[in-house]
Amino acid sequence: MEKLMLVYSSCKVIWTLLLTILGCASCLPVGDESICTAEELAKYSIVFTGKWSQTAFPKQYPLYRPPAQWSSVLGVTHSSDYNMWKKNEYASNGIRDFAEKGEAWVLMKEIEEAGERIQSVHGIFSAPAVSTGTGETSTELEVHSRHQLVSFVVRIVPSPDWFVGIDSLNLCEGNRWKEEVSVDLFPYDAGTDSGFTFSSPNFATIPQDTVTEITCSSPSHPANSFYYPKLKNLPPIARVTLVKLKKNQRGVPVSKLNRKGNEIDDSVSETPLDCEVSLWSSWGLCRGRCGKPGTKIRTRFILLQPANNGSPCPNLDEAAECEPENCV
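Taking mature numbering (1 follows the signal peptide of the UniProt record, and there is no 0), I'd label the letters of the sequence shown as residues -27 to -1, 1 to 301.
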């Protein structure tokens, strides 16, 4: 009898485990994008286009020492086991060095170590720097059915620790590779430097903050170079386009991306920039003749000239009546 009860208990445990496993299996998402069944390898052309113009971003736009420009593009194709960077999480030492100084050595070592440790990286790619805010650069990359994600970073130059990039863009859709993907890019703060403006001196953030997106209202400080309180959203500061390369009869990948010369599509609306003035100075001495009302004056100066039909500057001096103290 005891043997029968033991067999019954064992069967009950096995049946419970089986139901649990089946229940969990039914909870799995259908058509999960992380499972790629496309052909093993695919090659893409990646084109980075800077859209950082004085028309779109007139506030404190860097014209010299150095002028507005972009660092080289540094990216990786990888699996979901790896993240080059991630919004609302702490930047690695490699991302910090790249975002602050454009130095890629530590970041390259981090990528290589992740590839060796958990086999999460398929390949590294890079493209030359862009010497203007509205230039273009390109290269090619290769993705694998087990490494179908693309991540990259480009430093905004000059800036404290600001960059643009993509975190884990999936180029695979089930059993096929996407033909073309275009993504607008917006600025991010690496959370390692506390500067507000493009030309801010190095001032480390202690303790380190997480990676955050910079918007027209955040950080909410008038000194912020991207602070445009009249806008709902910042215009894109850059764009990236990835196009799958087709193979010709000889098996050589050929891009179907057609471009006329080196033209850049910079069709963005003008961002209005209102005049900004300082606080009023203290009132000056009251001047005038004895027995008659005198005049005192205070002044202020222009902090930021208006642009793109922004609000004009108000009067920079103001007079008021007063009683002369040392009258003549």
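We put the beta carbon where it would ideally sit given N, CA and C, even for glycine.
This one's a predicted model, so the numbers in the text were calculated from it and none came from an experiment.
Return the residue from the list Ser18, Leu14 and Val94 that minimises the CA-CA distance to Leu218. Ser18
Validate contact between the stretch 92 to 106 and the stretch 165 to 181 using beta carbons, cut 8 Å, 3 pairs: no
Beta carbon proximity, Gly75 to chain D, threshold 8 Å: The question asks about chain D, but that chain is absent: this structure has only one protein chain.
Sequence ranges, beta strand (DSSP E) only - wholly within the stretch 128 to 161, length at least 3: If we require 3 residues or more, the beta strand (DSSP E) runs fully inside the stretch 128 to 161 come out as 135 to 143 and 153 to 158.
For Glu12, report the span of its beta strand (DSSP E) as first-last. Looking at the DSSP string, Glu12 is not in any beta strand (DSSP E), and its letter there is neither H nor E.
heavy atom of the ligand ZN below 7 Å from Pro131 C-beta: This structure lacks the ligand ZN; in fact it carries no ligand of any kind.
How would you write the range of the beta strand (DSSP E) that Glu86 sits in, first residue to last? Per DSSP, Glu86 belongs to no beta strand (DSSP E); it is in the alpha helix (DSSP H), Trp78 to Ile91.
Is it right to say Tyr37 is buried, meaning 16 or more other beta carbons lie within 10 angstroms of its own, or is it exposed? exposed
Could you pull the start and end residues of the beta strand (DSSP E) that Arg271 belongs to? Gly267 to Thr272
Going by beta-carbon coordinates alone, are Phe171 and Ser198 separated by less than 8 Å? yes
Please classify Ala211: does DSSP put it in a helix, a strand, or coil? strand
For Gly257 and Arg273, I'd like the C-alpha separation in whole angstroms. 12 Å
Can the beta-carbon of residue 302 be found less than 8 Å from the beta-carbon of Val127? Residue numbering for the chain in the displayed model covers -27 to 301; residue 302 lies beyond these limits and cannot be assessed.
Start and end residues, alpha helix (DSSP H) containing Ile68: Asn66 to Lys74
Output needed for Ile91: all residues of its chain with C-beta closer than 8 Å, excluding positions within five of it in sequence on either side, in chain order. Asp54 and Tyr55
In this structure, how does DSSP classify Asp290 when only helix, strand and coil are distinguished? strand
Secondary structure of Ile179, DSSP reduced to three states: coil
Which residues does DSSP list as the beta-bridge partners of Cys295? Note: Cys295 sits in a beta bridge opposite Gly267.
Cβ neighbour criterion (16 or more within 10 Å) applied to Val137: buried
Is residue 302 helix, strand or coil by DSSP? Residue 302 lies beyond the stretch modelled for the chain, which goes from -27 to 301, so this question has no answer here.
First through last residue of the beta strand (DSSP E) which encompasses His51: In the DSSP assignment, His51 falls within the beta strand (DSSP E) that extends over Val46 to His51.
Just curious, the beta strand (DSSP E) that Gly96 is in, first and last residue? Val94 to Ala100
Would you list the one or two residues that DSSP bridges to His120? Answer is His117, bridged to His120.
Report yes if the CB atom of Pro297 is closer than 8 Å to the CB atom of Arg271, and no otherwise. no
Roughly how many angstroms lie between the CA atoms of Gln222 and Leu207, to the nearest whole one? Its pLDDT being 39, under 50, Gln222 is placed unreliably in this model, and the coordinates cannot settle the point.
Below 8 Å CB to CB, which residues in the same chain sit around Pro287 once its five sequence neighbours on both sides are set aside? Closer than 8 Å at the Cβ level, and outside the excluded window around Pro287, lie Cys248 and Val250.
Buried or exposed: which applies to Lys24, given that a residue is buried once 16 or more other Cβ atoms fall within 10 Å of its Cβ? buried
Do Lys60 and Asp140 come within 8 Å of each other at the CB atom, strictly closer than that value? yes
Beta-carbon proximity check, Leu144 vs Leu215, cutoff 8 Å: yes
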